[in-house]
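These protein sequences, in sequence, are chains A, B, C and D.
So this note's numbering is basically just the index in the first sequence, starting at one, shifted up by 194.
So this note's numbering is basically just the index in the second sequence, starting at one, shifted up by 194.
So this note's numbering is basically just the index in the third sequence, starting at one, shifted up by 194.
So this note's numbering is basically just the index in the fourth sequence, starting at one, shifted up by 194.
Notes follow once the structure below has been shown.
There are 4 protein chains.
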Amino acid sequence: MSSAPRGRPRDADVDARIVLAARAAIIDTGYDALSVEGVAARAGVAKTTVYRRYPGKAELVLAAVASAIHEAPVPDLGSLRLDLERLVDDHIHQLQHGHLGAMVRALQLALAERPDLAPLASGGFLAERKRDVDVVVDRAIARGELPPGVDREMVFDLCFGAVFMRGIVMHLPIARDYGHRLVATALRGYGVVE
Amino acid sequence: MSSAPRGRPRDADVDARIVLAARAAIIDTGYDALSVEGVAARAGVAKTTVYRRYPGKAELVLAAVASAIHEAPVPDLGSLRLDLERLVDDHIHQLQHGHLGAMVRALQLALAERPDLAPLASGGFLAERKRDVDVVVDRAIARGELPPGVDREMVFDLCFGAVFMRGIVMHLPIARDYGHRLVATALRGYGVVE
Amino acid sequence: MSSAPRGRPRDADVDARIVLAARAAIIDTGYDALSVEGVAARAGVAKTTVYRRYPGKAELVLAAVASAIHEAPVPDLGSLRLDLERLVDDHIHQLQHGHLGAMVRALQLALAERPDLAPLASGGFLAERKRDVDVVVDRAIARGELPPGVDREMVFDLCFGAVFMRGIVMHLPIARDYGHRLVATALRGYGVVE
Amino acid sequence: MSSAPRGRPRDADVDARIVLAARAAIIDTGYDALSVEGVAARAGVAKTTVYRRYPGKAELVLAAVASAIHEAPVPDLGSLRLDLERLVDDHIHQLQHGHLGAMVRALQLALAERPDLAPLASGGFLAERKRDVDVVVDRAIARGELPPGVDREMVFDLCFGAVFMRGIVMHLPIARDYGHRLVATALRGYGVVE
DNA sequence: GGCTAATCGAGACGGTACGTCAAGTCTTCCA
DNA sequence: TGGAAGACTTGACGTACCGTCTCGATTAGCC
């Protein structure tokens with residue numbers, strides 16, 4: 195089907211080193227201070243070798259961010275409230291104490307430069323969270339906690355949108371109980387029966 | 195107290211031309227493609243003259259974005275639902291059809307580069323919207339639509355956060371009825387009495 | 195002595211295509227703009243295949259120039275003057291209107307990069323001209339036009355050196371009667387008896 | 195007449211350092227191995243500072259070669275033969291033992307890349323030698339050594355052309371008595387009366 | 001009215017990174 | 001083994017801005 199692979203095949207180890215170097219660079223220098231030149235050096239690889247794989251900085255960063263997604267088990271704590279609280283709190287925690295903040299910020303900047311790559315990015319970590327939310331929502335409906343006709347898009351958007359705005363867009367601090375208050379308000383909005 | 199201004203005073207016209215040029219640059223080239231050098235040229239001003247006013251690109255952009263805030267009358271349509279719908283819909287409209295999208299994106303990027311400037315930015319257009327929301331919330335409490343102990347921070351965060359996430363962070367399209375659905379869900383969350 | 199040829203024999207057609215491609219490249223792009231990569235592409239051959247035959251660009255070009263030498267009959271017009279005029283005029287003509295100019299220039303550049311290859315090149319087209327001159331000089335001596343003790347090296351150097359300097363080194367124009375004036379002066383220098 | 199000098203004036207010391215660095219580079223690495231980047235580094239100057247002065251490598255080298263011309267007193271030894279011998283011998287000596295060889299070779303290469311710069315170069319050291327020759331020729335005519343109608347262009351071309359061909363184009367050795375034999379033959383060609 | 005001081009335009013300067021090109025070597029598959 | 005394809009390292013290309021600097025020419029207030 196696809197043509198036979200001709201010529202010297204790409205070195206998988208090189209692939210890995212580039213992505214790792216990019217990730218490290220994002221975490222400790224940020225998107226703007228990151229340069230293709232620097233990533234290449236950090237990866238111990240020639241600049242051209244990076245450009246052969248990624249047309250530019252934006253694509254490189256997108257790939258690095260995508261590679262940083264780590265699977266987390268979807269919580270199943272018995273009630274929608276507990277599940278959502280767990281998801282939101284984890285998210286806030288990773289934004290503030292893990293590397294997720296740096297990654298999301300980098301993603302944003304890359305998309306700001308290259309809006310055309312947005313579809314490529316949507317399939318990434320955001321979709322992951324959306325899927326998690328969908329799972330816990332389905333279980334809640336099955337348990338009768340949520341009315342079947344609930345506006346599913348909103349469940350995700352309300353809970354995560356507010357966190358994004360404060361944490362990412364506006365660089366505002368997020369209080370310790372913020373997640374719980376957020377979920378409490380949103381649940382009432384969905385008409386949760388408890 | 196402050197010493198008398200010695201030497202040649204700054205040219206106010208130059209101030210204006212720089213900010214206008216920066217705004218125009220943000221709108222039609224975006225933050226990353228914007229250069230201090232380019233803004234200076236566009237303003238018909240020497241590079242030094244820009245640097246004398248703003249230490250760098252981030253500060254220049256922040257000033258330009260701040261200058262783009264336009265006062266809008268706070269809606270007073272008789273019910274919290276109508277007022278919030280108006281605020282949210284206006285916001286969505288400006289994000290998608292006006293220059294607000296470009297401005298917010300630029301703001302974001304400037305803050306991503308220079309998180310230390312965040313407080314400086316919070317006083318800007320975001321605070322403006324927050325104040326608008328507070329006004330309509332106060333009226334709703336006075337009318338008895340909202341319980342007095344409502345989580346006020348959430349009113350703003352829920353309604354605008356979701357819009358930010360979709361429109362700015364993720365570059366996703368926003369459906370025509372999105373604002374109404376958003377407000378409907380949120381209002382239930384606040385325990386609105388209708 | 196030499197080991198029996200093992201493995202797949204070299205393709206003679208490939209040899210030819212490479213040299214032709216190199217010659218074409220010299221003529222229409224010049225030495226500096228010529229790249230091994232480009233020659234390989236032009237010849238429809240892999241870069242490796244070129245490198246297997248020639249260690250580098252200089253050697254490739256030398257081979258191409260050498261292959262461009264074309265045998266011309268030595269003139270025999272009855273007098274040294276006429277013979278030399280013919281040789282010099284032909285040379286000037288080829289330098290200016292044929293591809294010889296490009297070839298000599300490429301040769302020069304290759305030697306400038308790799309002076310160690312000079313002996314390899316001397317055996318080339320220069321020797322060819324030198325031999326031509328020697329033939330007409332011998333005939334002139336036999337005819338009694340030239341004294342037997344004439345400084346033979348000078349015959350060639352004077353007539354061709356001046357042309358080289360103007361045409362190749364200095365890129366100066368060469369007047370139509372330049373060759374005749376040159377030969378006239380030189381002949382007197384040799385003590386020609388007419 | 196000329197417009198007033200605006201902006202910060204160029205640093206003359208920088209001018210000098212660049213030219214000196216280029217000259218040094220020509221002498222010890224040759225034209226091809228010379229890079230604008232390297233010259234900038236050697237001069238302790240930013241790459242852009244070089245490019246601000248010279249559009250490219252060819253122009254830089256031309257300027258460096260031009261700056262290497264050193265005034266030498268025109269010989270006046272009493273006879274055309276002695277004067278020409280002195281000029282030619284000096285030239286040969288500088289080609290072989292001084293830096294002139296490297297300079298001329300670099301000049302050649304620069305012109306091969308950029309033939310359009312030829313006029314710019316002709317004004318250089320070549321013109322200098324031509325002028326020297328003209329001076330000694332004038333004196334010879336005044337003394338009655340040369341007929342007034344001598345082909346002046348040939349005096350220079352014959353004597354120096356042969357040297358160029360052997361020394362520069364063909365990288366051939368030049369015998370110790372080569373200059374004398376050359377001048378002897380040429381002088382007869384000019385119809386010198388002794 | 002001259003002095004002092006800052007503004008403004010212009011552009012040089014040392015840097016950093018850009019994205020591209022070619023050099024020459026190496027690795028893999030196919031014939 | 002020869003040949004085609006292409007990955008890989010290396011190094012330079014010429015360009016764009018960065019933020020700092022040094023000029024000359026204005027343009028004020030103050031003595």
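For every residue, glycine included, the Cβ atom is placed at its ideal position computed from N, Cα and C.
Query: Does the segment 374-388 of chain D come within contact of the segment 348-364 of chain C, defined as at least 3 CB pairs closer than 8 Å?; Result: yes
Query: Given that Tyr384(C) touches chain D, what residues does it touch there, using C-beta distances under 9 Å?; Result: Thr379, Arg382, Gly383
Query: Just mark Ser196(C) as buried or exposed, buried being the case when its beta carbon has 16 or more other beta carbons within 10 Å.; Result: Its pLDDT being 43, under 50, Ser196(C) is placed unreliably by the model, and nothing is read from it.
Query: Just to confirm the assignment, what range does the alpha helix (DSSP H) spanning His160(C) have?; Result: Since the first and last residues shown for chain C are 195 and 388, residue 160(C) lies out of range.
Query: Under 9 Å Cβ-Cβ, which residues of chain A neighbour Leu254(B)?; Result: Here the premise fails: no neighbours, minimum Cβ distance about 15 Å.
Query: Mapping the DSSP letters down to three states, classify Ser229(D) as helix, strand or coil.; Result: coil
Query: Which residues in the same chain have their Cβ closer than 7 Å to the Cβ of Val213(C), if we skip the five residues on either side of it in sequence?; Result: Ala257, Ala258, Ser261
Query: Find the nearest neighbour of Asp277(D) within the set Ala369(D), Asp332(D), Tyr248(D), Ala219(D), judged by alpha-carbon distance.; Result: Asp332(D)
Query: Quick one: which residues of the segment 348-359 of chain A get their C-beta closer than 8 Å to a C-beta of chain B? List them in chain order.; Result: Met348, Asp351, Leu352, Phe354, Gly355, Ala356, Val357, Phe358, Met359
Query: Would you identify the three-state DSSP class for Pro267(A), choosing helix, strand or coil?; Result: coil
Query: For the segment 257-273 of chain B, which residues have a CB atom closer than 7 Å to at least one CB atom of chain A, in sequence order?; Result: none
Query: Hey, out of Gly295(D), Tyr225(D), Ala234(D), whose CA is closest to Leu366(D)'s CA?; Result: Gly295(D)
Query: Going by the CB atoms, is the gap between Ile220(A) and Ile286(A) shorter than 7 Å?; Result: no
Query: Report the neighbours of Arg375(B) on chain A: residues whose CB is nearer than 7 Å to its CB, in chain order.; Result: Asp345, Met348
Query: Along chain D, in chain order, which residues have C-beta atoms closer than 7 Å to that of Leu303(C)?; Result: Leu303, Ala306
Query: Is His365(C) helix, strand or coil by DSSP?; Result: coil
Query: Should Gln302(B) go down as buried or exposed, given a rule of 16 or more other Cβ atoms within 10 Å for buried?; Result: buried
Query: Taking the straight line between their C-alpha atoms, what separation do you get for Arg323(D) and Asp226(B)?; Result: 57 Å
Query: So, helix, strand or coil for Val377(C), using DSSP?; Result: helix
Query: To which residues of the same chain is Ile335(B) closer than 6 Å at the C-beta, ignoring the five residues directly before and after it?; Result: Pro342
Query: Out of Glu347(A), Arg204(A), Ser273(A), which has the shortest C-alpha to C-alpha gap to Val244(A)?; Result: Arg204(A)
Query: Between the alpha carbons of Ala234(D) and Thr223(D), how many angstroms are there, rounded?; Result: 15 Å
Query: Using a beta-carbon distance below 7 Å, is His287(D) in contact with chain C?; Result: no
Query: Closest Cβ-Cβ distance between Ala312(C) and chain D: below 7 Å?; Result: yes
Query: Check this for me: beta carbons of Asp326(B) and Leu281(B), under 7 Å apart or not?; Result: yes
Query: Does any residue of chain C have a CB that is nearer than 7 Å to the CB of Arg275(D)?; Result: no
Query: Assuming Ala218(C) contacts Arg236(C) (C-beta within less than 8 Å), just tell me the rounded distance between them.; Result: 7 Å
Query: Nearest CA to the CA of Ala266(B): which residue from Phe319(B), Lys251(B), Arg360(B)?; Result: Phe319(B)
Query: Within its chain, find whatever has a CB closer than 8 Å to the CB of Val208(C); leave out the 5 residues flanking it on each side and keep chain order.; Result: Ala237, Val239, Thr243
Query: Where Arg211(A) and His264(A) are concerned, what is the direct C-alpha to C-alpha distance, given to the nearest angstrom?; Result: 18 Å
Query: Under the three-state reduction of DSSP, which class applies to Val244(A): helix, strand or coil?; Result: helix
Query: What are the boundary residues of the alpha helix (DSSP H) that Ala206(C) is part of?; Result: 206-223
Query: Quick check on the DSSP output: the alpha helix (DSSP H) that includes Leu307(A) runs from which residue to which?; Result: The sequence given here has Glu at residue 307(A), not Leu. Where Glu307(A) is concerned, the enclosing alpha helix (DSSP H) stretches over 294-307.
Query: Pro203(A) touches chain B at which residues, Cβ-Cβ below 9 Å?; Result: Simply none; closest approach about 35 Å.
Query: Output, in sequence order along the chain, the residues in the segment 359-370 of chain D whose CB is closer than 8 Å to any CB in chain C.; Result: Met359, Arg360, Ile362, Val363, Met364, His365, Leu366
Query: Of all the CB atoms in chain B, is at least one closer than 7 Å to the CB of Pro341(A)?; Result: no
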